[in-house]
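Just so you know, the sequences run in chain order Y and E. By the count of the numbering used here, the first sequence reaches residue 324 at its end, each step adding exactly one. By the count of the numbering used here, the second sequence reaches residue 324 at its end, each step adding exactly one. Here a beta-carbon is modelled for each residue, glycine too, at the ideal position from N, C-alpha and C. Reading through the C-alpha cells given below for one structure.
Number of protein chains: 2
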Amino acid sequence: MTAQLLNGKEIAKDYRAGLQAEVEKLKENGMTPNLTVVIVGDDGASLSYVRSKNKAAEKIGMTSDIVHLDGDTSEADLLAEIERLNNDEKVHGILVQVPLPKQISEDKVLEAIAPEKDVDGFSPVNIGRLYTGQRTFKPCTPLGIMELLKHTGSLEGKTVAVIGRSHIVGQPVAKLLTNENATVTLMHSRTKNMVDQLKNFDVVVSAVGKPGLITGDDLKEGAIVIDVGNTVVDGKLVGDVDFESAEKVASWITPVPGGVGPLTITMVLNNTLLAAKWNNGLE
Amino acid sequence: MTAQLLNGKEIAKDYRAGLQAEVEKLKENGMTPNLTVVIVGDDGASLSYVRSKNKAAEKIGMTSDIVHLDGDTSEADLLAEIERLNNDEKVHGILVQVPLPKQISEDKVLEAIAPEKDVDGFSPVNIGRLYTGQRTFKPCTPLGIMELLKHTGSLEGKTVAVIGRSHIVGQPVAKLLTNENATVTLMHSRTKNMVDQLKNFDVVVSAVGKPGLITGDDLKEGAIVIDVGNTVVDGKLVGDVDFESAEKVASWITPVPGGVGPLTITMVLNNTLLAAKWNNGLE
C-alpha cells in the first residue's frame with residue numbers, strides 16, 4: 042500500500058475559499074470580521090507567526106491588527122490592553138501570542154480575554170464548555186486535525202492513539218475524536234512500550250516533537266497517520282513520523298511541513314468568522 | 042485470586058476523620074466552613090441526597106444550609122439567589138442539586154456560581170482549569186475514585202479502561218488518571234467489542250449504569266475494578282460489574298453499594314474545606 046497524502050496545503054486552500062465567501066457576505070451586510078493579535082517582545086519566530094496569521098486574515102477579506110508591545114510591558118499594562126480590546130466592538134477575535142515574557146502570568150492573561158473573543162479557545166471557560174458540550178471556540182490545531190480526518194471517512198468505531206497530553210493538542214483532540222465516536226487512548230512519555238502498541242490502532246495522532254519516533258514497522262496496515270510534530274533539524278521542519286517507511290503501510294498520511302500546520306491558521310480564521318457572527322447574533 | 046475489597050465506607054470514614062480535625066483547627070481560628078446546598082422542587086431522591094450532604098457536613102463540624110425553592114421558581118429568581126450566596130462571606134461552598142426543573146437552564150446556573158465556591162467543580166471555568174493544570178475544585182466522584190485507587194498503589198505506567206464519557210465522571214476521571222501517568226482509553230456506547238477488550242487493561246473504571254455489563258471472564262487476572270454504576274434493581278442498588286465472578290479474578294474491587302458512593306460525598310466535604318481555606322488566603 043502507498044498511502045494517500047493528506048495534503049494540508051490543498052485542504053486549507055479550499056477551506057479558506059469557503060471562509061472568504063462567507064466574509065464577503067458579511068461585508069455586504071456592513072460587517073467586517075477583525076482579528077487582532079497581541080505580541081509582547083521581539084522573538085523572531087513569534088513575530089513571523091503573528092505576521093502570517095495577520096496576512097492570512099487579510100487575504101480572505103478580514104481586517105487584522107497587530108498590537109506589538111515592548112518586551113518589558115508589565116502584566117497590568119497587558120491586561121489593560123486586553124480589556125480595551127474586549128470592549129472594542131470592531132474587534133471580533135483576540136489572540137495573544139505565547140510564550141509571554143517572565144513578568145507576565147500566561148494563565149491570568151488567557152483568563153482576561155473575553156470568552157466570546159477568545160478564538161484560540163485557550164481561556165478556561167471555553168475549555169470547560171468544550172468538555173460540557175456547549176458552544177465554544179474549539180482550539181485550532183485539534184480542529185485542523187479533525188478537518189484533515191474528515192477527508193478519510195467516518196471515525197465512528199475507530200480506535201485512535203493520541204500521543205502527547207498537552208492541553209493545546211493532545212487532550213482537546215482526544216475530546217473531539219471522542220465526540221465523533223472514536224475510542225481514544227491518550228499516550229504520553231510515561232506510557233509503557235508505547236510504540237509497540239501502535240499496531241492496534243486504526244488512527245495515530247502524534248504530537249510529541251521527536252523526529253523518527255514512529256516508523257512504518259510500528260503501524261497497522263492501512264492506518265491513518267496524523268503527524269503534529271514539528272521539530273527543526275538542520276534548518277528543516279520534521280515531524281514525529283518517518284514518512285518514507287510509514288507511507289508504505291498507512292492508508293492516509295500527513296506530510297511535514299504542509300500537513301497539520303496550514304490547517305491550524307485556517308481554524309484561527311474559522312473561529313474569527315464564528316466570533317463575528319456570534320457576536321452579532323448570527324447563527 | 043480473591044480480590045481485596047476497596048471498602049468505600051471505611052476509607053471515607055478515615056478520610057472524614059482527617060477533614061474533621063482540619064475543620065476543628067479552622068474553628069479554633071474563628072472560621073467555620075459552610076456548605077450551602079440549593080434545591081429546586083420536591084423530587085424525593087434529590088431531597089434525600091441533599092439532606093445526606095447536609096448531615097455529612099454537620100457531622101464533621103461544618104455548618105450547612107439548605108436553600109429549598111419551589112418547583113416553579115423562575116431562572117431569574119434562582120440566579121438572584123445564587124448571586125446572594127456568591128456575595129455571602131459566610132458561605133464557602135455552593136452546590137446546586139441537579140436535575141433542575143425545565144424552565145431553568147442548568148448551563149446558565151452552573152456558570153453563575155462563583156468559581157471559588159463551586160465545590161462540585163462543574164462550572165466551565167473550573168473544568169477548564171482542571172485541563173490546564175491550574176488550581177481548581179476537582180469533581181467529586183472522580184476525586185473519590187482516585188482516593189480509592191491510592192489504596193491499590195501507584196498508577197504510573199498502568200493501562201486503564203474508563204467506560205462512559207460523561208463530563209461528570211468518565212471524562213474528568215480520565216484526566217485525573219492521566220495526571221498520575223496512567224495510560225487511559227476512554228470507552229463508550231459506540232466502542233466496538235468493548236467488553237472483549239477489557240482483558241488488556243490493568244484497571245477498569247465502569248460508569249455506565251448497566252447491571253451485569255462486566256463479568257469476571259472479561260477481566261485480566263489481577264485487574265483493579267472500580268464500579269461507578271448505580272442502578273436500582275428490585276429496590277436494590279447494583280453496579281455494572283457482576284461482583285461474584287469478578288472478585289475471583291480481580292486484585293482489588295469496589296462493592297456496590299459502599300464503594301465509590303461514600304467517597305463522592307466525602308469529596309464534597311473535602312472541596313468545601315479547601316474553599317474555606319482558599320477564600321481566606323490559607324494554602
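Selected residue, minimal CA-CA separation from residue i, among the options
| i | options | result |
| --- | --- | --- |
| residue 100(E) | 54(E), 145(E), 111(E) | 54(E) |
| residue 316(E) | 293(E), 74(E), 286(E), 123(E) | 74(E) |
| residue 261(E) | 242(E), 92(E), 95(E), 62(E) | 242(E) |
| residue 283(E) | 112(E), 258(E), 230(E), 227(E) | 258(E) |
| residue 65(Y) | 103(Y), 197(Y), 291(Y) | 103(Y) |
| residue 181(E) | 89(E), 194(E), 161(E) | 161(E) |
| residue 62(Y) | 311(Y), 235(Y), 151(Y) | 311(Y) |
| residue 266(Y) | 147(Y), 197(Y), 90(Y), 202(Y) | 202(Y) |
| residue 195(Y) | 218(Y), 204(Y), 176(Y) | 218(Y) |
| residue 199(Y) | 204(E), 232(E), 175(E), 149(E) | 232(E) |
| residue 322(E) | 252(E), 164(E), 67(E), 151(E) | 67(E) |
| residue 324(E) | 255(E), 297(E), 176(E) | 176(E) |
| residue 306(E) | 136(E), 250(E), 235(E) | 136(E) |
| residue 147(E) | 319(E), 81(E), 320(E), 264(E) | 81(E) |
| residue 125(Y) | 145(Y), 93(Y), 155(Y), 111(Y) | 155(Y) |
| residue 76(E) | 318(E), 309(E), 320(E), 319(E) | 309(E) |
| residue 330(Y) | 151(Y), 130(Y), 132(Y) | Shown here, chain Y extends from 42 to 324; a query on residue 330(Y) therefore has no answer. |
| residue 163(Y) | 172(E), 178(E), 157(E) | 172(E) |
| residue 274(E) | 248(E), 178(E), 287(E), 297(E) | 297(E) |
| residue 120(E) | 244(E), 250(E), 149(E) | 149(E) |
| residue 253(Y) | 240(Y), 98(Y), 236(Y) | 236(Y) |
| residue 184(Y) | 215(Y), 197(Y), 158(Y), 157(Y) | 215(Y) |
| residue 60(E) | 107(E), 285(E), 264(E), 97(E) | 97(E) |
| residue 197(E) | 220(E), 212(E), 204(E) | 220(E) |
| residue 42(E) | 133(E), 286(E), 159(E) | 286(E) |
| residue 111(E) | 129(E), 302(E), 145(E) | 145(E) |
| residue 304(Y) | 319(Y), 269(Y), 320(Y) | 269(Y) |
| residue 251(E) | 106(E), 153(E), 72(E), 230(E) | 230(E) |
| residue 78(Y) | 108(Y), 56(Y), 57(Y) | 108(Y) |
| residue 319(E) | 158(E), 247(E), 255(E) | 158(E) |
| residue 153(E) | 123(E), 276(E), 178(E), 93(E) | 123(E) |
Beta-bridge pairing of residue i - partner residues as DSSP gives them
| i | result |
| --- | --- |
| residue 326(E) | Here chain E covers residues 42 to 324 and nothing more, so residue 326(E) does not appear. |
| residue 311(E) | Partner(s): none; residue 311(E) has no beta bridge. |
| residue 75(E) | 104(E) |
| residue 247(E) | 204(E), 268(E) |
| residue 46(Y) | 294(Y) |
Residues in the segment 163-197 of chain E having any Cβ partner in chain Y nearer than 9 Å = 163, 164, 165, 166, 167, 168, 169, 170, 171, 172, 173, 174, 175, 177, 197
Going along the segment 146-159 of chain Y in order, which residues come within less than 7 Å of chain E, judged by CB to CB distance?
-> 148
Which ranges does the beta strand (DSSP E) cover as unbroken runs of at least 3 residues, wholly within the segment 127-185 of chain E, from first to last along the chain?
-> 134-137
Segments of 3+ residues assigned as beta strand (DSSP E) that fall wholly inside the segment 250-295 of chain Y = 265-268, 272-274, 277-279
Where the segment 262-274 of chain E meets chain Y: residues whose CB sits under 7 Å from a CB there | none
Every unbroken alpha helix (DSSP H) inside the segment 208-235 of chain E [4 residues or more] | 211-220
Contacting positions in the segment 211-227 of chain E - beta carbon closer than 7 Å to chain Y | 212, 219, 222, 224, 225, 226, 227
Could you please tell me which residues of the segment 241-262 of chain E, in chain order, have their CB closer than 8 Å to any CB of chain Y?
-> none
Do the segment 214-225 of chain E and the segment 176-192 of chain Y touch if we need at least three Cβ pairs shorter than 8 Å?
-> no
At a Cβ cut of 8 Å, what residues of the segment 119-134 of chain E count as close to chain Y, listed as they run along the chain?
-> none
Is there contact between the segment 203-216 of chain Y and the segment 164-177 of chain Y, where contact requires at least three CB pairs shorter than 8 Å?
-> yes
Is the segment 289-300 of chain Y touching the segment 104-120 of chain Y, taking contact as three or more C-beta pairs under 8 Å?
-> no
With 8 Å as the limit, tell me which residues of the segment 96-111 of chain E have their beta carbon closer than that to any beta carbon of chain Y; keep them in chain order.
-> none
Stretch pair the segment 79-89 of chain E + the segment 42-60 of chain E: three plus CB contacts closer than 8 Å | no
Report the residues of the segment 62-89 of chain Y with a CB closer than 9 Å to any CB of chain E, ordered along the chain.
-> none
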